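A.B. asks: Okay, handing you the structure first.
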């Protein structure tokens, strides 16, 4: 950069000297000798001009490098500010470059110099970025004007320091468009279409011109392929042109159709849309692919005809972008599109290129047709080829242009052949345009709005390179679901085995390393499956980009499920002692009865043939023995959870009266929580102000914002979920009910409320909130408590448990009377004690097998959570139950669980005779075989080691400890030392076990399947554990659920789609209006609006940028949009279906609202 100044009075002209250096034949700078100039240079005084000299690489060049000349008009002594700026710019930039070049010249740099070089290069890059940021043009002024208009329009009032009415701003922009100036359609820095501003400008244009028809011609192409140059040459426009990224965003310019051409056209204006180049190097690392795909979709969709500019003969770059455009168009159900395109190959000098590239063009069309067919399959469309979506004739719609310059730039003249090509293209465009009626300006405004909203909704599609990549990613998701299920299924088997060993007292501690080692085999299988999938799949070259990320996810999942299993097993270990005492009491009762019945049998041995006497004596003995056991055992009383809760609350809040319980509300159905809160008190408020505050609060109350209502509802849902989990961990069905459970749950709920109030809130909860929350939660959980308590009672109440086994005891008594040997009796007792653990083992194994089968055969459960949600929405639509839909929105996790339980129950009922019963039979036969084999091995072991019955029993129970909860302690108190015929013992077990197995099989039924199982081992809970162990954080605006498969995951929350959102506008009446593309919230005059890479938040004129990868304002929510059109349609359909609008408004907003019937009718027609 070279700057020229003059001081004082100089006779010669420095501008003339500079012109001679740059170009002798052209006056680059304005001089005193130029026509129209004067010596005073009134208009040019103090102006700084800049011009560049670009060498052509020949010997005749004056300079060998590019040189920027800065010329200050006027005396430098009188213009110190300009001189200072130029001096700083020249010295700073050149000094930095000199430092870098000097360091690079040294062949071997020391480490310190290398670091210095990097530091200098970093500073150079920053200076370069600062220079780019200083770019300023008319488009920046118009952009600021547009933002001023949008903010004022949102607030519906002028900004205080604005000296004119903001409503006049669109008129100014419309006048500029009419005068031939281009208007920025898409913000080049934010890649955002300001719909409010553009709509206002087009409305003003409509008022000034009338509702004229326009033909939209757009251009698209790779960066520096000559798009703007072509438009300028074709229509005499002045779009900026240069190397690199000269056009940013998209600009539209009106061209009036001449009177002579109007006879051939059916429109009045051509709207030319010029766009920035794709694949820009300046955007590297800033979601270039997404930016390009979105821009291409918007531009192609907007234009009646799109000129696709390609530099050279190879169209591969544009081919991939067009595939994404097609897929996006197929997903845009709301926008009616019928675009056309012409391919233009720039810089092709061979006149025979068209004929030579015929085969290449045919293959291009084949590829586009194949990708269109693939996209149509996924998007449920009837499109069969590329031309069904974008009109294109491979024979006539491909043009080849000669290079622009004839010779070597920069001094070369334009190429006449290029001009001829431009003229032919103009005639082709005129031919296309003559067949089109264009569209009216009012329709153009709506088209821009619909297209941009639809484009924003398709962020899932835009993040991919082409349609094949989308298909490949969906396959990865399907395989990932299979891999995770394999690991979860394996850890379930390990958990069951370890649980049995803990109950049998085989192991006394659980090590995480041991669990990892047991899971290692399945983990290796999954890794091998992943390796084969990513390396041997037909699209392996595409899949490789996701290989690392999915390997990390699988590794994290494996670590998480091991930690979770260890936690659960440690809980079992902690509860084992209490459970052992409870089980020991029951075992003692049973074995005592056996011993006493044996003593009675010895007395009645001579009367064994008289059945009546034996029956009478046994009945008398049984009645007395059971009565004594019942009297000696503490009774298991019924429980009243709500009474215990009420007593605890009264202990906490002594001032609570009996009348309080009559006013308790179900907090899960409350529409607004404003009645539950009061403002925090500040210690700095003086006494009389406190009185004023109190009076105003009592009169007007507090109105919570939508965000506060959502936060409170989320907290309530989370507390409810965790209390339900805590109840399961108490294992009441095995350990019994204790009021300490209620105390712990109450303390937990109170602690969560206290923790919540410590946040940055302006309010605290009243006492009524705590009381209503506790009672609402325990009313929900009341059935769970009672069911588990009933299971405990049935298993441990002496009267109930012994009554079930009366017949078994009588048969044993008869055999004692008949003189059966000790080995025979002991074998029968073993079979009787095996009945319950065998039954439990069969049901548990069958539940796991069923869960595995449903993961393959049940359509709603055989995919990932997105597939599950699709089926949930379908069910909601079929049932048409409004309250279920609201539960799904406000409490999604519980709704998902409820849906899975319903699906599993229905599957068991439908498939019981076909599949369930068959699996149970197979499992019980395998278990029977294992028991008999173990009995034989135990006999062999005793014979080889000359052991006694204790050795036999210990070996037998230890061998079965992996599959049955069955141990030596089950025989404590039972005398069996006289058993010495182990061969007979084995034969008795072989004989008596089949009837026991038959008894178990007779009880197989759909009703018994879940009743016989602990809740944690049921099939529905296994599937829930697989599909619901994930992130459940909801979007604060639309309540969509984060789809990450890990709880407490790193990085942002993300969703494949955001739900349509009801926005409430209060004037005289409320209007609920659905938005497809964004969650738009109006709170006073704050506007939150989704953008491609940012959201513009206008709140006291504050502009907050949202990044694609991180959303600071939304608690780390990634801005991802719609994925499944089905979900969109069902969400929108739901509210349209329930047009009982008072109910909708009250439930969603907590107030009555009237809704425009006209608007709803239009929405229903569009989306039904």
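Residue numbers (the UniProt record's numbering): 1 to 1168. Beta carbons are placed, not taken as given, at the ideal position from N, Cα and C, and that holds for glycine. Quick caveat: nothing in here was measured; it's all calculated off a predicted structure.
1. If contacts are defined as beta-carbon pairs under 8 Å, then residue 496 and residue 844 qualify, I think. What distance do you get, rounded to the angstrom?
2. In three-state terms, what does DSSP make of residue 405?
3. Between the alpha carbons of residue 147 and residue 273, how many angstroms are there, rounded?
4. Any contact between the stretch 551-561 and the stretch 589-598? By contact I mean 3 or more CB pairs, one from each, below 8 Å.
5. In this structure, does DSSP put residue 399 in helix, strand or coil?
6. Smallest Cα separation from residue 270: which of 533, 251, 255?
7. Out of 755, 730, 364, 736, which has the shortest C-alpha to C-alpha gap to residue 745?
8. Touch check for the stretch 432-441 and the stretch 206-216: three-plus C-beta pairs under 8 Å?
9. Is it the case that the Cβ atoms of residue 1027 and residue 901 are separated by a distance below 7 Å?
10. Could you give the first and the last residue of the continuous beta strand (DSSP E) run that contains residue 256?
11. Report back the beta-carbon spacing between residue 544 and residue 469 to the nearest angstrom; my notes put them in contact at under 8 Å.
12. Looking only at DSSP bridge pairs, what is residue 440 linked to?
13. Using 7 Å as the threshold, is the C-beta distance between residue 841 and residue 916 below it?
14. So residue 251 packs on residue 185, CB below 8 Å; how close in whole Å?
15. Suppose you measure from the CA of residue 57 to the CA of residue 64; what does that come to, to the nearest Å?
16. Taking all protein chains shown into account, decide if residue 136 is buried (16 or more other Cβ within 10 angstroms of its Cβ) or exposed.
17. So what does residue 49 bridge to, in DSSP terms?
18. Who are the Cβ neighbours of residue 1000 in its own chain at under 8 Å, not counting the five residues just before and after it?
19. Express the C-alpha separation of residue 926 and residue 474 in angstroms, rounding to a whole number.
20. Per the DSSP calculation, residue 763 is bridged to which residue(s)?
21. State the Cα-Cα distance for the pair residue 505 and residue 968, rounded to the nearest angstrom.
22. Can you look up residue 186 in the DSSP assignment and give me helix, strand or coil?
23. Would you check if the stretch 875-894 and the stretch 937-944 touch, i.e. whether three or more CB-CB distances between them fall below 8 Å?
24. So, with DSSP's three-state summary, where would you put residue 4?
25. Identify the continuous beta strand (DSSP E) that holds residue 341 and give its terminal residues.
26. Using a Cβ-Cβ cutoff of less than 7 Å, which residues in the same chain neighbour residue 16 once the five nearest sequence positions on both sides are dropped?
27. Taking the alpha helix (DSSP H) that residue 756 belongs to, which residues open and close that run?
28. DSSP three-state call for residue 871: helix, strand or coil?
29. Beta-carbon separation of residue 278 and residue 451 under 7 Å?
30. Report the residue from 200, 80, 786, 863 whose alpha carbon sits nearest the alpha carbon of residue 1169.
31. Which residues does DSSP list as the beta-bridge partners of residue 705?
32. List the DSSP bridge partners of residue 311.
33. Assuming residue 271 is part of the beta strand (DSSP E), what are its boundary residues?
34. For residue 802, collect the residues of the same chain with a Cβ closer than 6 Å to its Cβ; drop the 5 residues on either side in sequence, then sort them by chain order.
35. What residue does the alpha helix (DSSP H) around residue 146 start on, and which one ends it?
36. With DSSP as the reference, label residue 1041 as helix, strand or coil.
C.D. replies: Working from what's here:
1. 6 Å
2. Annotated three-state conformation of residue 405 is strand, per DSSP.
3. Between residue 147 and residue 273, the alpha-carbon positions lie close to 21 Å from each other.
4. no
5. strand
6. 255
7. 730
8. yes
9. Not a contact, by the Cβ cut-off of 7 Å.
10. Segment 250-256, the beta strand (DSSP E) holding residue 256.
11. About 12 Å; that fails the 8 Å criterion.
12. 213
13. no
14. Here residue 251 really is in contact with residue 185; their C-beta atoms are around 6 Å apart, less than 8 Å.
15. Taking the straight line from one Cα to the other gives about 7 Å.
16. exposed
17. 71
18. So the qualifying residues of the chain are 835, 838, 839, 842, 924.
19. 39 Å
20. 679
21. 10 Å
22. strand
23. no
24. strand
25. 340-346
26. Answer for residue 16: 31, 33, listed in chain order.
27. 739-757
28. helix
29. At the C-beta level, residue 278 and residue 451 stay beyond 7 Å of one another.
30. With the chain running from 1 to 1168 in the structure shown, residue 1169 is simply not present.
31. Beta-bridge pairing links residue 705 to no other residue.
32. In the DSSP assignment, residue 311 forms a beta bridge with 346.
33. Per DSSP, residue 271 belongs to the beta strand (DSSP E) from 269-275.
34. 626
35. 138-155
36. strand
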